[in-house]
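*Asks:* I'd like to ask some things about the structure below.
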Amino acid sequence: MPDTIEKTIHLKAPPDRVWRALSDSTEFGRWFRAEVTGEIREGAVLSCRSLYPGTEHMRWDMRIVTLEPGRRLVWDWPAFDPAAFPGDPDSDARLTVSITLTPEGAGTRLTLVESGFADLPEGPALAVWQRNEGGWTMQMQNIVDHVAT
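Numbering (full-length UniProt numbering), first residue to last: 1 to 149.
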């Protein structure tokens, strides 16, 4: 069972444009396909709701752990959808997401690492990893499209 998901993409947009897509909650919500309430700042807890068709019931909090303007955003969030695991004592488990930006030519390299899967209960851990891995593949394309406009 892997402990991390890692994705690296090249964006044809300068780092300041990509940073705005990460650090402005309205923009973040547009490409992430979520309603995001709150300001993205270190220590903040944002409320989120999925806007993907069929998943609108999914709600979660996103706690901003580290904010290095123009360079790095780290947050943690629930590993499990509480609606999918009602009453499960492990539903408090959290995963950590780190996104780092690096200037690369005329664009930006974005590196994403989501970690903490090895700390999850063995039963659902693989399913959560697979769900998130597929989700991050979609989200990487979403941010590529978003910053290109």
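Built from N, CA and C at the ideal position, the CB exists for glycine as well.
Output needed for R59: all residues of its chain with C-beta closer than 6 Å, excluding positions within five of it in sequence on either side, in chain order.
*Replies:* What you label residue 59 is simply residue 59 of the sequence shown in a count that begins at 1. For R59, where only same-chain residues beyond five positions count, the Cβ hits under 6 Å are R49.
*Asks:* Measuring alpha carbon to alpha carbon, tell me which of H146, I99, T55, A148 ends up nearest V65.
*Replies:* Against the sequence shown, residue 65 aligns to sequence position 65. The residue with the shortest Cα to Cα distance from V65 is I99.
*Asks:* Report back the beta-carbon spacing between G38 and S25 to the nearest angstrom; my notes put them in contact at under 8 Å.
*Replies:* One-based indexing of the sequence shown puts residue 38 at position 38. One-based indexing of the sequence shown puts residue 25 at position 25. That pair is a contact at about 6 Å.
*Asks:* Run through the DSSP bridge pairs and tell me what V74 is partnered with.
*Replies:* The residue labelled residue 74 in the question sits at position 74 within the sequence shown. V74 is bridged to T66, S98.
*Asks:* Going residue by residue through the region 19 to 64, where are the continuous alpha helix (DSSP H) segments of at least 4 residues, counting only ones entirely within it?
*Replies:* 25 to 32
*Asks:* Mind checking V36: buried by the 16 CB within 10 Å criterion, or exposed?
*Replies:* Counting from 1 along the sequence shown, the entry for residue 36 is found at position 36. Buried is the call here.
*Asks:* Since E6 contacts V113 with CB under 8 Å, what's their CB separation in whole angstroms?
*Replies:* Position 6 of the sequence shown, counted from the first residue, corresponds to residue 6. Position 113 of the sequence shown, counted from the first residue, corresponds to residue 113. Yes, E6 and V113 are in contact; Cβ-Cβ is about 5 Å, under 8 Å.
*Asks:* From the DSSP secondary-structure annotation, give me the bridge partner or partners of I5.
*Replies:* Mapped onto the sequence shown, residue 5 falls at position 5. DSSP lists E114 as partners of I5.
*Asks:* How about L11 and T108: do their beta carbons lie closer than 7 Å?
*Replies:* Locating residue 11 in the sequence shown gives position 11, counting from the first residue. Locating residue 108 in the sequence shown gives position 108, counting from the first residue. Their beta carbons are under 7 Å apart, which means L11 touches T108 by this criterion.
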